[in-house]
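S.K.:
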Amino acid sequence: MEALRPSKTLVEQAYDALLEAICTGDIKAGDRLNQDELALRLNVSRQPINSAIAMLKAQRFVQDTGKRGVIVAPIDQNLFDSIYQFRTAIEPLAVELAVARMTNEAITIGRDIIARGKSCVQSGDHAAALRADMDFHGLIYRLSGNLIIADTMTLNWRHLQRAMSEVLSVPGTTLRVWKEHDQIFNAMVRGDGDSAAGLMKAHMENAAPRKVRLET
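In terms of numbering that gives the first Met the number 0, the sequence shown is residues 0 to 215.
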């Protein structure tokens, strides 16, 4: 018998809805967040909206401008670069930890994600390819067994998601990404943690996003 899972609070639901809208571009950088309008759209009172906005402000997704009120924060080049510096250090560690926890189920899931990612690239569906990219790295974070890595990188990926429209404009980027994912995962399946970590480090150091200067 499975334990009952409490449903999300109104604050959590409001936060999820606003974060998704910001990260997918439905609410764009510089757009003002009107609490009354948002409360009406989400069919909640202002209190959950205000609490959700406070959380998003602490996480750098929105900012207070004073007279204009709260707006969606511009994409921050420094934050983007900082996330990739962090990933270069953390993701090889996540891979090493994950190798020891590989299961047949994890191998199947990983190979399915890679196949999906390649298919999305071939069909030109960049948004779906990005979701598959997030799923691939998310699988590694979960397999690492390190809760700090998983929680921290989940939030960082949401920041990266906002900037990926610029990244995906780089010719050949997504195809190379999935070839590298394939190499990393094959090393993980073989149980070769050192090789997998080395490949992941190179994957991070040579990532096209690090070479893209974002417009803010």
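Ideal Cβ placement from N, Cα and C applies to all residues, glycine included. Here the structure is a predicted model, which is why all the values come from computation and not from measurement.
1) Are the beta-carbon atoms of ASP25 and VAL71 separated by less than 8 Å?
2) Can you name the residues that DSSP bridges to VAL69?
3) Which residues mark the beginning and the end of the alpha helix (DSSP H) in which ARG141 is found?
4) Following a CB-centred definition, is THR173 positioned closer than 7 Å to any heavy atom of the ligand ZN?
5) Count the other CB atoms within 10 Å of the CB of ARG161; is the residue buried (16 or more) or exposed (fewer)?
6) Compare the Cα-Cα distances from ASP15 to each of ILE112, ILE113 and THR153 and report the closest residue.
7) Is DSSP giving THR215 helix, strand or coil here?
8) Within the chosen definition, does the region 94-102 reach the region 171-188 through at least 3 CB pairs nearer than 8 Å?
9) Compare the Cα-Cα distances from ALA53 to each of ALA88, CYS22, LEU17 and ASN77 and report the closest residue.
10) Would you call the CB atoms of HIS136 and THR173 closer than 8 Å?
11) Of the residues SER44, TRP177 and ALA195, which one's Cα is nearest the Cα of ALA206?
12) Would you mind reading off the limits of the alpha helix (DSSP H) that contains ASN103?
13) From MET199 to ARG40, what does the alpha carbon distance come to, in whole angstroms?
14) From LEU3 to ARG110, what distance separates their C-alpha atoms?
15) Give me the Cβ distance between ALA20 and PRO47, rounded to the nearest whole Å; I'm assuming they're in contact under 8 Å.
16) Can you grab the Cα-Cα spacing for the pair HIS90 / ALA196, in whole Å?
M.R.: A quick look at the data gives this:
1) no
2) ASP63
3) 125-143
4) Only the bare structure without any ligand can be found here, which leaves the ligand ZN out of the picture.
5) buried
6) THR153
7) With a pLDDT of 49 at THR215, under the threshold of 50, the modelled position of this residue cannot be trusted; read the value that follows with caution. Three-state result, THR215: coil.
8) Output reads yes: the region 171-188 touches the region 94-102.
9) LEU17
10) Judged by their CB atoms, HIS136 and THR173 are not nearer to each other than the 8 Å cut-off.
11) TRP177
12) 103-122
13) 42 Å
14) Low per-residue confidence applies at LEU3: pLDDT is 47, beneath 50, and the placement is therefore not dependable enough to give any value.
15) Going by Cβ atoms, the distance from ALA20 to PRO47 rounds to 15 Å, so no, they are not a contact pair.
16) Note that residue 90 is Glu in the sequence shown, not His. Between GLU90 and ALA196, the C-alpha separation is close to 8 Å.
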